[in-house]
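Chains A and B, in that order, give the protein sequences.
To convert a position in the first sequence, counted from 1, into the working numbering, add 13.
To convert a position in the second sequence, counted from 1, into the working numbering, add 3.
The block underneath contains the structure these notes are about, expressed in C-alpha cells.
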Amino acid sequence: MLFAAGMGVGLLFWGVAEPLMHFSGAPGNQPGTPEAARHAMTVTLFHWSLHAWAVYCVSGLVLAYFGFRKGTPYLPGAPLRSALSGVWVKPTAWLADLLAVIAVALGVAGSIGLGVFQLQSGLHVLAGTDSQSTTLTVTILAVLMVCYMAPLMTDLDKGVKWLSNGNMIVAILVLLFVLFAGPTAFLLRTAVTAFGDYLTGVVALSFQLYPFADVGQWLENWTLTYWFWWIAWAPFVGVFIARISRGRTIREFVIGVMVVPSLFSVLWFSVFGGTGFYEELHGQGGMVKLVREDVSTALFALFDRLPFSDLLNGTALVLSFIFLVTSVVSAAFVLGMFTSQGSLNPSVGQKLAWGAVLGGLGTALTLSGNVEAIRTVAFIGAIPFTLIILLQVASFLRALLAEPDTQEKP
Amino acid sequence: MKTHAFLVVFCVLISACQPTQNTVSVGIPPSTEQAILAHVVSQLIEANTDFRVRMVECRDAYDCGSRLAAEQIDVMVEYSGSALMFAHSRHSVREGTLEQVRKLYEPHGFRWLDRLGFDSGYLMVVPSDQARTLGLQSIADLNSLEDGVRITTSSSYWHRPVDGLPGLLRHYGLRLRGKPLLIEDPFKRLVALHQGLADVAIVRATDGALRDVPYARLDDTEKFYGRYEAAVVTRTSVVNSHPQIVEALGQLKDRITQHIMQNLNYQVEIEGVLPEMAANRFLREAKLITEEQLAFKTRRPEMIIAVDEPERVGPMRTVAVRVVREVFPDHRVLLRTTENAVEAVVQGRARLAVIGADRFFPDKEGQRFETRDNRIEAVAVLGTAYLHILRRKDAASLKNVFDGTIGVGLRGSERAHLASIVLRAANTKPTIFAETKALLQQLENAEIDVALIFGLSGNAVLHEALAKGTLTLQGLPDDVEVLAPFLPPVRIPGGTYPGQSDPVETVGIQIVFASPSPNIGPGPLGGGPAAALLTQNPPLTVEQANALAQAIGNPEPPDPILPSVWMRSVVQSHAAHEGTTGQNLLDTVLNAGIIVFLVWVGMLVIRRPTK
Numbered sequence: 014m015l016f017a018a019g020m021g022v023g024l025l026f027w028g029v030a031e032p033l034m035h036f037s038g039a040p041g042n043q044p045g046t047p048e049a050a051r052h053a054m055t056v057t058l059f060h061w062s063l064h065a066w067a068v069y070c071v072s073g074l075v076l077a078y079f080g081f082r083k084g085t086p087y088l089p090g091a092p093l094r095s096a097l098s099g100v101w102v103k104p105t106a107w108l109a110d111l112l113a114v115i116a117v118a119l120g121v122a123g124s125i126g127l128g129v130f131q132l133q134s135g136l137h138v139l140a141g142t143d144s145q146s147t148t149l150t151v152t153i154l155a156v157l158m159v160c161y162m163a164p165l166m167t168d169l170d171k172g173v174k175w176l177s178n179g180n181m182i183v184a185i186l187v188l189l190f191v192l193f194a195g196p197t198a199f200l201l202r203t204a205v206t207a208f209g210d211y212l213t214g215v216v217a218l219s220f221q222l223y224p225f226a227d228v229g230q231w232l233e234n235w236t237l238t239y240w241f242w243w244i245a246w247a248p249f250v251g252v253f254i255a256r257i258s259r260g261r262t263i264r265e266f267v268i269g270v271m272v273v274p275s276l277f278s279v280l281w282f283s284v285f286g287g288t289g290f291y292e293e294l295h296g297q298g299g300m301v302k303l304v305r306e307d308v309s310t311a312l313f314a315l316f317d318r319l320p321f322s323d324l325l326n327g328t329a330l331v332l333s334f335i336f337l338v339t340s341v342v343s344a345a346f347v348l349g350m351f352t353s354q355g356s357l358n359p360s361v362g363q364k365l366a367w368g369a370v371l372g373g374l375g376t377a378l379t380l381s382g383n384v385e386a387i388r389t390v391a392f393i394g395a396i397p398f399t400l401i402i403l404l405q406v407a408s409f410l411r412a413l414l415a416e417p418d419t420q421e422k423p
Numbered sequence: 004m005k006t007h008a009f010l011v012v013f014c015v016l017i018s019a020c021q022p023t024q025n026t027v028s029v030g031i032p033p034s035t036e037q038a039i040l041a042h043v044v045s046q047l048i049e050a051n052t053d054f055r056v057r058m059v060e061c062r063d064a065y066d067c068g069s070r071l072a073a074e075q076i077d078v079m080v081e082y083s084g085s086a087l088m089f090a091h092s093r094h095s096v097r098e099g100t101l102e103q104v105r106k107l108y109e110p111h112g113f114r115w116l117d118r119l120g121f122d123s124g125y126l127m128v129v130p131s132d133q134a135r136t137l138g139l140q141s142i143a144d145l146n147s148l149e150d151g152v153r154i155t156t157s158s159s160y161w162h163r164p165v166d167g168l169p170g171l172l173r174h175y176g177l178r179l180r181g182k183p184l185l186i187e188d189p190f191k192r193l194v195a196l197h198q199g200l201a202d203v204a205i206v207r208a209t210d211g212a213l214r215d216v217p218y219a220r221l222d223d224t225e226k227f228y229g230r231y232e233a234a235v236v237t238r239t240s241v242v243n244s245h246p247q248i249v250e251a252l253g254q255l256k257d258r259i260t261q262h263i264m265q266n267l268n269y270q271v272e273i274e275g276v277l278p279e280m281a282a283n284r285f286l287r288e289a290k291l292i293t294e295e296q297l298a299f300k301t302r303r304p305e306m307i308i309a310v311d312e313p314e315r316v317g318p319m320r321t322v323a324v325r326v327v328r329e330v331f332p333d334h335r336v337l338l339r340t341t342e343n344a345v346e347a348v349v350q351g352r353a354r355l356a357v358i359g360a361d362r363f364f365p366d367k368e369g370q371r372f373e374t375r376d377n378r379i380e381a382v383a384v385l386g387t388a389y390l391h392i393l394r395r396k397d398a399a400s401l402k403n404v405f406d407g408t409i410g411v412g413l414r415g416s417e418r419a420h421l422a423s424i425v426l427r428a429a430n431t432k433p434t435i436f437a438e439t440k441a442l443l444q445q446l447e448n449a450e451i452d453v454a455l456i457f458g459l460s461g462n463a464v465l466h467e468a469l470a471k472g473t474l475t476l477q478g479l480p481d482d483v484e485v486l487a488p489f490l491p492p493v494r495i496p497g498g499t500y501p502g503q504s505d506p507v508e509t510v511g512i513q514i515v516f517a518s519p520s521p522n523i524g525p526g527p528l529g530g531g532p533a534a535a536l537l538t539q540n541p542p543l544t545v546e547q548a549n550a551l552a553q554a555i556g557n558p559e560p561p562d563p564i565l566p567s568v569w570m571r572s573v574v575q576s577h578a579a580h581e582g583t584t585g586q587n588l589l590d591t592v593l594n595a596g597i598i599v600f601l602v603w604v605g606m607l608v609i610r611r612p613t614k
C-alpha cells in the first residue's frame, strides 16, 4: 500500500530507464564505461531510496504523532496550531493546508501525465496503435477518469486498498520473474554492488552541489525535480502512512517507513536497471539508444527480450493502469480530507470534484506540450511546502521536548 | 481411460523429442526480394501447417539451389530466368517461361510450384529528362553515344555471362566507356545515375527505389532480356511426403503482383522495415494469415519525418527517407503526412520535418517577416525550388511579366503563399489557384496569361511543357524586389529547358530538413524526469546533421538567415555563463532569506515553551 501510493507508476516508468539514462548522461563519469554504470545505479538509488522515504517519513510521522498523541485532525497545518504560538501561527497553518492541497494536486497531475505516456507506449508495443496520436491520449485519459470516478462515487475504500495491495503483489511477482528469468547471478551481484556503492556514496551525493563543474542544469532537472516531487506527494502519502501506524514507537515508525521501502527500491532498481545494463553490455545492445529516444518504451523493450514477453508487457500495462487509478483515488480522498477540516469521511461530492480537478490538470499537462510549464507548476506547489515541512519538524521537535521525560538520559 | 491419457502423453513426448521430423528448411539468398519472399513462404507454412520453419542463409541463389539438391533445405524462391541460366540450358533465357523451367527441372527431382504473379526482369533506365534531350528510346539508341556508354549495375549482373552485362553488350554491340560502376544498392545506383556518374543504370523491375522516381526505361527492341517469373521451388520428394506444404503455398498463386512486390521492396530497401515484418504485413493484408507473428518483435526506435504538403516533396520523398535511414541505420524511418509539419516537430510527434525555408518566418498580416521561428533548426538542404514564370510565346512581354490573369498553386498551399509574396512585391495578386498540371493546361489554352510554378530546376513536368514550344520561361523583372529573406535571387542556367538559351533570373526557396532546436528545452537525458513527460525527440547533433548533408550529396549549406545546427554551438557558448545583475541580486536575497528562515526555525525548537 505504502509503495503503491508513494511511488507506484514511477517505479514501472523509471525502473529500466533511469539507470540507463544516467549511464549515458550523468555528470562525473565518462558515459558508457563500467564506472558510469556503477555511478548510474548509485545516482538512481540516491533519487529513489532514503531521501524519498525520509520526506514521506517526516510528513507521516508529524501527522501521526499529533493525530494520535494530541488528537489533532490530519491536516498539514494542525501540528503548527498545536505546538506553536503567536499571531502568525493561524494564518501560517491555514497557508500550510492550502499549500498542501496545491502540492498534491499538481504533483499527482504530473504523475497522471507520466502514466498516460507509459500506457500509450505500451499499447503501441502490444497492439500497434499510434504512439503519437492525440486522440488515443485523450481516450486513455477518458477511460482513466471513468475508472477512478466509479470508486470515488461508491464508498469503495476497502476495494481500492485491496486493489492496490494486489497490484503491489503482482509487481513483486514480476520483479521475481525478471530476477530469475533474467541473468540472476549478474542481477544479484548488481544488487549487492549497488547497495554498497549507495551506502558509501549517499553522504557525498547528498551534499554534492557541483560548484566546480558546470552541471547545475542537470542537478536542477533531475535531482531537484525528484526532491520536489517527493515533497509534493508528501502531504498525501503522509496521511496514508499516518493512518496505518497507530501504536508504533517513533523508532519502529522510522525503520518501517525509511529503511524497509528503501531496501525494496534497491532491489527493484537493481533488478530492472541491472537487466537493462546486462542487455546493453552483454546482450543485444541498443537499450541506451532506445531510452534516449523514447523513455516510455524502456520497460517494454526490456520485456521483449525476456520469455513470455507478451504476458509481461500486458501485465505491465495493467499494473501501470491500476497504480494510476489507485493513486488518483487516494489523492482525491486526501484532498477531500484536507478541504473538509480533516474529516476522515469526506463527502462524495467533494471527492468527485477533486477527481475532476485532477483529471483536468492531468489532461492539461499531458496535452500542453510544454515541459518548462510542467516543471514550474510542480515546483510552485512544492517549494513553499518545503518551508512548511521545516515548520512541521520544528513543531514536532518542540512537542517532543515538551513531553515529560520518560526515557533515561544517555 | 488411463491408458489413453498415457498414450497421449507418450505421443506428445515422442513428437517433442524428434524436432527434425516437423521442420521445414527455407533458404534465404542475400537479396532483399528473395529474403522477403522466403519470409512470406515460411510464415505461410507456419500459419497453415504444424511444421516449424528453419531459415537457412545461403551465400547466393546458386548456393541455395545446390543446398536444395543436397536436401539441406526444402523450399526456396527462384526466378525462371536465373534457373535457366544456372542450368546452362540451350533455351535462351528470354524464352524462360515457368513452364519450360518446370519441364527442365522435373527429371532432376525439383518441383516448381505455381507462379507468384510477377516478373522481376532487368531494366535499363535513364533519367527521364536526359532520355528526352538525347532522344533515347531503346537500348539500341545507346550506340549513338559517341564515346561509348557508362553503365552502373550490380556486381552479380556484371558477372553473369549469359543473361548479364557481357551478354547484353554482345547482343546490342554496345561499347563501354570505362569500367562499369558496380553498386549493389539499387537506390545508390539510381543516385549515381542522377548525379551523372553513369549514363544508364541496370535495375530490376521490382526495385523499391524505382517507385517514386521518374525514370525512363529503354525498350529492349532486340529482345535480349529474359523472363524472371518468381515461383517457389521444392523437391518432388517433399511434395510427396508433405502435401500440406504445397497446399499452403498454393495460396500464393498470382497473389504477388509487380506492384505489390515493388512496395514490399520499398518498405525494406527505403524505409528500413525488416523483411519479416514486410512479409507479415503483406500476408495479413492479403488475408492469407490472421495473426501477427510474434517471433520477431525486436523493438527499433522510430524516426518520423513529417511532411505537410507531400506534393512539394515529390520525388525527393524517397531521397528524404533513404538518407535519414543511412544516417540512422538502426531506426525505422517513417514519412508521415501531418497538418503542420513544424508543429509536429515542436510537439515531439516527429523528429524531422521537410519544409520550405519560408516556414521559419510566419507571415502575419502587416508584418514583414520580422519574427523568426526559433523552435526549429535547419539541418540540411534537400534542394532548392525555383520560381518559374511561364507565359505563352505569343503573349510574352519582357517589361510587364505579370500582365493579365495570373495562376498560382492551389489555394492555401505553400506554393500559392510564396507566389503571392512575389506578386505582392510587384503590386499585384493571383487570380487563379490550381495544381501545376492544370495551370500549364490553362496557360496553353489561353485561359490564363501567366503561371507561377515552384519546382526543381530542370524538373520533368516543366521540361515536357516547354518542349512543346508554345510556352516560354520569363525572368523576374529587375524592378521587382522580393524582400522576403527566404526567397533569395537565383539563376536558372541557359539550356536547362528546351528552347531556353539564355539564363533566367528568378528567386528560389530552399527545401530543408528541420529538427527541433535545443531552445525547446533539453531532452530527458539532461532534462530530468519532467522532461520525459513530453519531449520525446532530442535535437540532432552537429555530427548527425553533417552526416545527413553528406548522405544527401548536396554541398549547399542552409541559408545563414535560418536558425541552424551550425549556429548552435556559437550561441550556446555565449549563453552559458550569462546572468544579469538583477538575477544575481535576487539569488542572493533568496539565499539569505532561506538562511534566516532556517535560523528562525531552529530558534523555535530551542526556545522552550514558556508556561
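Where is the CB? At the ideal position from N, CA and C, for every residue including glycine.
Being a predicted model, the structure only gives us computed values, none of them experimental.
- CA-CA distance, B/S83 to B/G124, rounds to 10 Å.
- Within the segment 493-525 of chain B, the runs of beta strand (DSSP E) at least 3 residues long that lie entirely inside it are, in chain order, 507-519.
- Sorting B/G30, B/M58, B/I263, B/P542 by C-alpha distance to the C-alpha of B/D66 places B/G30 at the top.
- For B/Q477, the enclosing beta strand (DSSP E) starts and ends at 474-477.
- A/Q363 sits away from A/V75, with the two beta carbons spaced by 8 Å or more.
- Three or more beta-carbon pairs drawn from the segment 253-271 of chain A and the segment 68-84 of chain A are found closer than 8 Å, and the two stretches are therefore classed as touching.
- Between the segment 195-214 of chain B and the segment 118-136 of chain B there are three or more C-beta pairs closer than 8 Å, enough to call the two in contact.
- Chain A has a Cβ within less than 8 Å of the Cβ of B/F600.
- Not a single CB atom of chain B sits nearer than 8 Å to the CB of A/A109.
- A distance of 8 Å or more separates the beta carbons of A/V22 and A/F285.
- Residues of chain A with a Cβ closer than 9 Å to the Cβ of B/P541 are, in chain order, R305, E306.
- Taking the Cα positions, B/L221 is about 7 Å away from B/V129.
- Each of B/Q270, B/I358, B/V336 was checked against the Cα of B/V310, and the nearest Cα belongs to B/I358.
- In the same chain as B/P32, and ignoring 5 residues on each side of it, the C-beta atoms closer than 6 Å to its own belong to C61, D63, A64, C67, in chain order.
- For B/D333, the chain A residues whose Cβ falls inside 8 Å of its Cβ are G299, K302, in order along the chain.
- Annotation for B/W115: L101, V104, R105, Y108, A234, V236 place their beta carbon closer than 7 Å to its own, counting only its chain and skipping 5 residues before and after.
- In this structure the segment 391-400 of chain B lies against the segment 451-461 of chain B, because at least three pairs of beta carbons, one per stretch, are closer than 8 Å.
- By alpha-carbon distance to B/E484, the top candidate from B/A38, B/V336, B/L426, B/F113 is B/L426.
- Close to chain B, meaning a Cβ-Cβ distance shorter than 8 Å, are the following residues of the segment 211-235 of chain A: D227, Q230, W231, E233, N234, W235.
- Taking C-alpha positions only, A/V342 is separated from A/C70 by approximately 21 Å.
- Considering only A/S278, A/V270, A/A247, the residue with the shortest C-alpha distance to A/P397 is A/A247.
- Contact of A/Y239 with chain B is assigned, a C-beta pair being separated by under 8 Å.
- Between the segment 351-363 of chain A and the segment 204-218 of chain A there are fewer than three C-beta pairs closer than 8 Å, too few to call the two in contact.
- The residues S408, R411, A412, in chain order, have a CB closer than 6 Å to that of A/A96 in the same chain once the five nearest residues on each side in sequence are set aside.
- The beta carbons of B/I379 and B/A251 sit no closer together than 8 Å.
- Assignment of beta-bridge partners to B/A381 by DSSP yields B/A517, B/S567.
- Residue environment analysis places B/E288 among the exposed positions, since fewer than 16 neighbouring C-beta atoms fall within 10 angstroms of its C-beta.
- Using a CB distance cut-off of 8 Å, A/A407 counts as an interface residue toward chain B.
- The DSSP-derived three-state label of A/H64 is helix.
- Taking B/A429 as reference, the option from B/D481, B/T439, B/V464 with the minimal CA-CA separation is B/D481.
- Residue burial annotation: A/W367 is buried, with at least 16 other C-beta atoms found within 10 angstroms of its C-beta.
- From the listed residues B/A143, B/G410, B/G472, B/M58, the smallest Cα separation to B/E279 is found for B/M58.
- When 7 Å is used as the limit between beta carbons, B/V604 is near these residues of chain A: L403, L404, A407, in chain order.
- In terms of Cα proximity to B/T544, the closest of B/E447, B/R178, B/A383 is B/A383.
- Pairing A/A77 with A/F266 gives a Cβ-Cβ distance under 8 Å.
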